[in-house]
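Working notes for the structure below.
There are 2 protein chains.
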Amino acid sequence: MLKGSNILRLGDYNQAVVLDLIRRAPGRSRAELQRESGLSSQTISNIARRLIDLEMVHECAPSDPSRGRPRIPLAVNGAGAFSVGVHIDPARLTILLLDLSGRVHRHEHLRTPQRYDPAEMTSLIAAATDRVIREAGVARDRVLGVGIAVPGPVDVRSGTVLDPPQLPRWRDVKVRADLHEATGMPVLLDKDVTAAATAELRASAHSDFLFLYLGAGVGAGVVTEGRVMRGVSNNIGEIGDILVDPEAEDLGWSGRRGGLASACVPEALARHAARAGLMELPDVTDHLAMDDACSRLVEAADGGDATARRILDRAAVHVAVGLGVLVNFLDVPRVVIGGPLWERLSPRFLPVLNDAVRRELVVARPAFEVSGSRVGERIAAQGAAELVMDHFLAPRATSLLVE
Amino acid sequence: MLKGSNILRLGDYNQAVVLDLIRRAPGRSRAELQRESGLSSQTISNIARRLIDLEMVHECAPSDPSRGRPRIPLAVNGAGAFSVGVHIDPARLTILLLDLSGRVHRHEHLRTPQRYDPAEMTSLIAAATDRVIREAGVARDRVLGVGIAVPGPVDVRSGTVLDPPQLPRWRDVKVRADLHEATGMPVLLDKDVTAAATAELRASAHSDFLFLYLGAGVGAGVVTEGRVMRGVSNNIGEIGDILVDPEAEDLGWSGRRGGLASACVPEALARHAARAGLMELPDVTDHLAMDDACSRLVEAADGGDATARRILDRAAVHVAVGLGVLVNFLDVPRVVIGGPLWERLSPRFLPVLNDAVRRELVVARPAFEVSGSRVGERIAAQGAAELVMDHFLAPRATSLLVE
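These protein sequence lines map, in sequence, to chains A and B.
First residue of the first sequence: 1, per the UniProt record's numbering; consecutive thereafter.
First residue of the second sequence: 1, per the UniProt record's numbering; consecutive thereafter.
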């Protein structure tokens with residue numbers, strides 16, 4: 001049963017088309033909406049009135065009121081609808097509240113509790129969801145639902161986290177149903193890389209790019225012609241096994257020797273650092289300890305430690321080999337990188353990556369570029385919240401199911 | 001200037017929509033066309049009459065003439081329009097004539113002359129184009145144009161073959177303009193893998209797959225949701241550098257050591273065979289000699305030679321590693337393999353590949369399958385001819401330019 005917000009009951013397809021036009025480019029007048037939607041002026045007029053009554057849309061000051069009948073721009077009313085976005089990274093837990101205009105009102109970054117089982121995690125997320133809504137002073141019936149981004153693989157049909165290598169206790173967990181029960185709100189589940197690519201697309205001027213996600217794991221999202229690709233089972237982007245270093249030593253872990261994950265995920269970086277004598281190897285089942293080890297490695301490099309710099313520079317070169325594979329294959333003009341680990345790595349990685357990826361390219365690409373995400377560390381949580389907005393408000397709904 | 005066939009002058013957008021519906025699923029009645037196109041019954045009636053007058057469409061026998069007003073199925077008239085497809089593989093040259101119903105009327109497989117320069121090749125292709133049209137007894141004004149599939153990279157905007165590693169004399173050659181001048185017909189240029197994926201999609205019941213092309217080079221096409229992906233510069237599918245064998249020896253060639261190309265293209269197979277003492281290494285600048293070396297290697301394996309079998313089985317395992325990378329990344333449910341080399345390799349490769357690719361997969365895929373193309377060796381030429389049909393007849397034209 002879908003226990004949605006009341007504002008949903010009044011929607012119809014034409015209304016969704018018009019609201020979507022206003023969301024994507026605020027400031028359109030009724031006449032412009034009519035032209036772009038193909039709907040009649042009477043229909044546009046009725047829908048605009050209804051959206052204003054619902055407090056989803058408001059009229060802005062006319063651009064030039066002195067000239068004849070004024071052209072009144074319409075814009076979404078941020079407070080008209082909200083969604084909650086959650087990102088469960090094995091080391092970082094992010095919960096935020098997004099409004100209809102795309103503004104983030106509250107966000108919480110927590111260190112992911114390492115010894116919690118999924119039921120305890122569900123309670124934690126439900127409590128945080130209540131908290132961000134309450135502290136923002138938002139009426140609960142204005143919140144459309146909760147989107148959760150998780151490491152793959154996922155089964156979006158059943159709303160299940162299957163067996164993510166980074167979350168060993170999360171095997172066949174029905175996250176969507178559990179969180180729906182705990183919050184009473186509609187819940188949507190998606191893979192972290194897909195959610196992140198969605199947020200990046202919304203924040204970016206570009207419609208074709210590869211999104212590289214660096215967190216406790218490594219993954220990729222793909223955006224082509226302004227659409228986020230999902231893959232046939234919504235599990236696009238498993239790239240950790242791509243061979244990037246034929247001379248790699250055995251790291252003594254479960255990941256593929258010489259694979260992309262063994263070059264850049266926190267556990268691998270910690271193992272490289274421990275081998276080089278920079279630190280003791282922390283408990284590898286503790287993602288917080290791994291995450292902290294990465295922070296120490298970056299700090300050492302920033303402080304001038306040559307070994308730490310060598311480890312990170314080699315990691316960047318190996319990431320470039322993996323990106324070369326993906327860019328050559330899919331013929332994309334641009335790579336954007338983000339995720340919880342990226343903020344720390346970018347100052348050392350970005351200068352290396354642009355040249356190193358370019359050396360891997362088979363087809364000449366003068367305008368090719370590698371850049372960092374504009375959205376920051378909360379990107380997957382924000383994307384999950386965007387997916388909820390799209391699910392309920394966009395005329396062409398995503399294929400995701402909601403509990 | 002576009003010197004098209006006269007039958008084009010009469011088309012319009014609605015006519016293209018209706019013709020496309022009839023092409024995709026022959027046997028629809030006017031009432032069904034009306035329902036599916038959203039056009040009025042008067043418009044459908046007029047368009048059907050016009051298409052029948054143009055001899056593009058004909059009426060079939062009613063399905064059940066005894067019951068009331070008969071439902072008359074419409075089908076395309078194969079002889080209503082034709083296109084020529086050309087595939088320039090460095091070892092095999094294919095030229096064929098396709099009709100509107102998708103039937104291939106004439107095809108020629110030639111061994112690609114190795115010492116020809118592009119101008120000589122253009123003359124050869126123009127002569128063969130004249131020949132297939134003449135020998136099929138087709139009026140030239142019924143031929144929409146010529147599609148050419150070539151190894152990448154290509155610049156589709158200018159109709160130029162850039163610098164394909166397998167065609168060293170073809171650097172910045174304006175194939176499209178040259179062949180247009182030689183034939184007087186509209187000419188369209190595309191990459192071999194994209195043309196092949198187009199033909200496979202048309203012949204297949206599947207709408208999501210990865211197409212692996214094995215010819216003088218190795219490449220990939222991607223079909224998602226019934227559409228052939230092209231990449232932002234129409235150069236999708238450069239996969240030869242993907243590392244598949246970290247222990248590979250240096251083959252002494254320009255390809256990447258341990259890369260997918262070094263596992264499976266004819267020159268690499270010939271080098272492996274020569275190293276193992278099975279044959280003298282032929283002249284590596286002669287693609288016919290390389291192609292023949294592959295044939296001899298396969299014959300030796302079929303005859304029971306253990307060394308030849310080991311070489312081909314190892315090649316299949318390495319191809320599987322590369323396919324694993326692509327399937328894990330893009331989340332596709334199926335791989336289809338074709339191209340000029342595939343016919344010979346498939347009996348040994350296919351039994352190995354299904355299991356070997358499955359071992360590479362990160363996400364469980366019970367229904368995953370690797371299969372051989374249904375279209376056969378002429379697949380890229382047929383796809384090039386299909387692209388010409390789509391360019392002139394489909395309502396949503398491809399982004400390809402025509403000279």
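Glycine included, each C-beta is placed from N, C-alpha and C at the ideal position.
Cα-Cα, which of the options is closest to residue i?
i	options	result
A:ALA197	A:SER63, A:GLY339 and A:ARG106	A:GLY339
B:GLY80	B:HIS87, B:ARG348, B:ILE52 and B:VAL86	B:ILE52
A:ARG30	A:ALA364, A:HIS109, A:GLY322 and A:GLU59	A:GLU59
A:GLY376	A:ASP250, A:TRP342 and A:ALA367	A:TRP342
B:ASP192	B:VAL86, B:ASP292 and B:ALA293	B:VAL86
A:ARG348	A:GLY240, A:LEU100 and A:LEU297	A:LEU297
B:TYR13	B:ASP117, B:GLU32, B:PRO26 and B:LEU39	B:LEU39
B:ASP292	B:LEU269, B:GLY277 and B:ASP313	B:LEU269
B:ARG92	B:VAL150, B:GLU55 and B:GLU135	B:VAL150
A:ARG257	A:ASP313, A:PRO266 and A:LEU243	A:LEU243
A:ALA380	A:GLY147, A:ARG131 and A:PRO113	A:GLY147
A:VAL76	A:ILE88, A:PRO186, A:ARG50 and A:GLY221	A:ARG50
B:LEU393	B:ARG142, B:SER158 and B:ARG378	B:ARG142
A:ASP283	A:GLY152, A:ARG271 and A:SER233	A:ARG271
For residue i, decide whether its Cβ has a neighbour in chain A, counting only Cβ atoms nearer than 9 Å.
i	result
B:ARG365	yes
B:ASN354	no
B:ASN235	yes
B:ARG230	yes
B:GLY38	no
B:LEU326	yes
B:ALA248	yes
B:ILE337	no
B:LEU54	no
B:PRO151	no
What residues of chain A sit near residue i, judged by a beta carbon separation below 8 Å?
i	result
B:PHE368	The contacting residues do not exist; B:PHE368 stays about 10 Å from chain A at best.
B:PRO164	Neighbours of B:PRO164 on chain A: none; closest Cβ ~11 Å, over 8 Å.
B:GLY217	Neighbours of B:GLY217 on chain A: none; closest Cβ ~11 Å, over 8 Å.
So residue i is in the alpha helix (DSSP H); what residue range does that whole segment cover?
i	result
A:SER371	No alpha helix (DSSP H) contains A:SER371, which is instead part of the beta strand (DSSP E) from 369 to 372.
residue 404 of chain B	Outside the displayed span of chain B (1 to 403) sits residue 404 of chain B, for which this structure offers no information.
A:ALA270	266 to 275
B:ALA79	First-last for B:ALA79: undefined, no H or E at that position.
residue 438 of chain A	Because residue 438 of chain A is not part of the residues shown, which for chain A are 1 to 403, the question remains open.
Buried or exposed: residue i, going by 16 or more other Cβ atoms within 10 Å of its Cβ?
i	result
B:ALA261	buried
residue 413 of chain B	Outside the shown range of chain B, which is 1 to 403, sits residue 413 of chain B, and nothing can be said about it.
residue 406 of chain B	Absent from the structure is residue 406 of chain B, since the part of chain B shown begins at 1 and ends at 403.
B:ALA367	exposed
B:GLU247	exposed
B:THR194	buried
B:ALA300	buried
B:ILE63	The residue asked about is misnamed: residue 63 of chain B is Ser in this sequence, not Ile. Its Cβ having fewer than 16 others within 10 Å, B:SER63 is exposed.
What does residue i reach in chain A if we use C-beta pairs closer than 7 Å?
i	result
B:ALA220	PHE329
B:PRO90	Within chain A, no residue comes near B:PRO90; the closest Cβ sits about 17 Å away, beyond 7 Å.
B:GLU267	Residues of chain A passing the Cβ test: none, with the nearest at roughly 17 Å.
B:GLY258	PRO246
Is there a C-beta anywhere in chain B that falls below 9 Å from the one on residue i?
i	result
A:THR224	yes
A:VAL362	yes
A:ASP208	yes
A:GLY147	no
A:PRO113	no
A:GLY85	no
Between which two residues does the beta strand (DSSP E) holding residue i run?
i	result
B:THR94	92 to 99
A:GLY338	334 to 338
B:ALA75	74 to 76
B:GLU108	104 to 111
B:GLU55	Run containing B:GLU55: none; DSSP gives neither H nor E here.
B:ALA220	218 to 224
B:ILE148	143 to 150
Mind pulling the chain A residues with CB within less than 9 Å of residue i?
i	result
B:LEU212	Simply none; closest approach about 12 Å.
B:LEU243	ILE242, LEU243, VAL244, ASP245, PRO246, GLY258, VAL321 and VAL325
B:PRO168	Residues of chain A passing the Cβ test: none, with the nearest at roughly 16 Å.
Return no unless some Cβ of chain E is closer than 9 Å to the Cβ of residue i.
i	result
B:ILE239	Judged by its chain identifiers, the structure shown contains no chain E, and its protein chains are A and B.
Which bits of chain B does residue i rub up against, with CB to CB less than 8 Å?
i	result
A:LEU387	Those do not exist, as A:LEU387 stays about 17 Å from chain B at its closest Cβ, beyond 8 Å.
A:PRO73	Under the 8 Å cutoff, chain B gives no residues; its nearest Cβ is about 33 Å from A:PRO73.
Could you list which residues in chain B have their beta carbon closer than 9 Å to that of residue i, in chain order?
i	result
A:VAL332	GLY231 and VAL232
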